[in-house]
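Using full-length UniProt numbering, the letters of the sequence shown map in sequence onto residues 1 to 360.
Don't be surprised by glycine CBs; every beta carbon is placed ideally from N, CA and C.
Keep in mind the model is a prediction, meaning the values are calculated, not measured.
Notes follow once the structure below has been shown.
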Amino acid sequence: MISFSKPDINKEEKKAILDVLKSDWPSQGKTTEKFESLLSNYLSSNVVVVNNGSSALMAALLAHGLKPGDRIVVPSFTFVATSSIPKILGAKVHVADVDKTTFNISLESVEKLVKKNNIKMVIIVDVGGLSVDIEAFRELSNRYKFVLIEDAAQAFGSTYKNKKSGSFDHTTIFSFQTIKLITTIEGGCISTKDKKIINRIRQIKDYGRNKYERYVHDIVGTNFRTTDLQSAIGIQQLKKVEQYISRRNMIADIYRKKIKNVQFQVIPEYSTRHTCTLFFAMTKSKSERDRFVKHLISKKIDARKPWRPIHMQPCNPEMHNSSCKNAEDVFERSFLLPIYNSMNISESKFVIDSINEIQK
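Right, dumping it as structure tokens:
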């Protein structure tokens, strides 16, 4: 069986876990502080580590003052957490369509929504590890005065015009869940240049605790803390991040060169490094896509259909009348191929041969 994804957990990570278990404090402590420091250096920004990407998004939204009744824009083609978290916080969610070639949120669709509505925040999502046009969205944010949040859950290590996602002035969140470029099994972080926001996030993730008095709580918060066990894994993973990006791009390049008669996610010039957390292929029709996926599964290749668009989810009945034609088209015609940090050439060749034989 060729897995859709799998973590690259080796002896270094296992030793690091054992070292933490032998210590006096395996919960959040000095190892997490070290992980945050290393991430801050990598991203040239302030970083707080939390227990998962959804917590990272919720903490970011709360820190920026999202309140019940506020309006927020999210792309329709994304994992459901991007819309579920603001809904849990009581926000009114508007869905924007996506670009039909990059699968990322459409600037034009967002602008139409912010012109018609009093939008407080916009969440942009780097689909599969492909950066959005950050400069264009930052300009739009400045013009219409909304808060820009980047959901880079899939884009740790990606670059926009040779600058890393998470190193810009706006707030960015990442996920370290098992299929991501680097993993802490479950985990995530928030990156921002704004010290007031990062300090507020530190409080939110720890019950609103006062920095100086342990049992004084200045604001309402919750428990988004991670553990030193997870951070120990993250420290070892971060050492191999360039190796992982190189491997994934090598596999992606082979796929693009060798797979016949399918389309791929278009990578614009401004996206100077795609981390290939996910690899999309696209057929001419839904029926052809379904046939491809069925055949690959029969060959014990874990190919998958992508996320159902946000506006089509059963949990979002209020969005069912939204018009997001590109998101619907990408959903119906695309599928995801296996790609992971330890994938080898023979595995990728088997995937390629299995796809190409369908078309003979």
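query = Rounded C-beta distance between residue 231 and residue 35? I'm assuming under 8 Å.
reply = 4 Å
ask   = Over what stretch of residues does the beta strand (DSSP E) that includes residue 318 continue unbroken?
value = Careful: residue 318 lies outside any beta strand (DSSP E) and carries neither H nor E.
request  = Could you pull the start and end residues of the alpha helix (DSSP H) that residue 139 belongs to?
outcome  = 134-144
query = Between which two residues does the alpha helix (DSSP H) harbouring residue 331 extend?
reply = 325-333
task = Inspect the beta-carbon positions of residue 273 and residue 159 and report whether they are closer than 8 Å.
result = yes
key: N- and C-terminal bounds of the alpha helix (DSSP H) containing residue 234   = 228-239
key: Stretch pair the region 36-49 + the region 264-281: three plus CB contacts closer than 8 Å   = no
task = Count the other CB atoms, across all protein chains shown, that sit within 10 Å of the CB of residue 1; report buried if there are 16 or more and exposed otherwise.
result = exposed
request  = Starting from residue 186, follow the beta strand (DSSP E) in both directions and report where the run begins and ends.
outcome  = Premise fails: residue 186 is in no beta strand (DSSP E) and is neither H nor E.
request  = Kindly indicate which three-state DSSP category residue 148 falls into: helix, strand or coil?
outcome  = strand
inquiry  = So for residue 23, helix, strand or coil by DSSP?
reply    = coil
message = Please report the distance separating the alpha-carbon of residue 85 from that of residue 171.
response = 16 Å
ask   = Beta-carbon of residue 275 versus every beta-carbon of chain D: anything under 8 Å?
value = No chain D appears in the structure shown, which is made up of a single protein chain.
task = Indicate the three-state DSSP secondary structure (helix, strand or coil) for residue 35 in the structure shown.
result = helix
ask   = Taking DSSP as the reference, what is the three-state secondary structure of residue 250?
value = helix
query = If you follow the alpha helix (DSSP H) that residue 86 is part of, which residue opens it and which one closes it?
reply = 81-88
message = For residue 175, tell me which candidate among 52, 340, 47 and 29 has the shortest Cα-Cα distance.
response = 52
key: Integer-rounded CB distance, given that residue 259 should sit under 8 Å from residue 355   = 5 Å
Cα-Cα separation, residue 335 to residue 96 = 21 Å
message = Going by DSSP, what residue range makes up the alpha helix (DSSP H) through residue 64?
response = Counting along the chain, residue 64 falls outside any alpha helix (DSSP H), and DSSP gives it neither H nor E.
task = With DSSP collapsed to three states, give me the class of residue 353.
result = helix
Validate contact between the region 2-9 and the region 325-342 using beta carbons, cut 8 Å, 3 pairs = yes
inquiry  = If you measure between the beta carbons of residue 156 and residue 307, is that distance less than 8 Å?
reply    = no
request  = Would you list the one or two residues that DSSP bridges to residue 75?
outcome  = 96
ask   = Using DSSP with H/G/I as helix, E/B as strand and the rest coil, what is residue 158?
value = coil
request  = Would you be able to state if there are at least three C-beta pairs under 8 Å between the region 283-302 and the region 55-63?
outcome  = no
query = Count the other CB atoms within 10 Å of the CB of residue 24; is the residue buried (16 or more) or exposed (fewer)?
reply = exposed
request  = Let me know if residue 276 comes out buried or exposed under the rule of 16 or more other beta-carbons within 10 Å of its beta-carbon.
outcome  = buried
key: Helix, strand or coil at residue 180 [DSSP, three-state]   = coil
ask   = By Cβ distance, which residues of its chain are closer than 8 Å to residue 293, with the 5 residues on each side in sequence left out?
value = 303, 304, 305 and 335
query = Would the region 317-328 and the region 212-223 be scored as touching if the rule is three or more Cβ pairs under 8 Å?
reply = no
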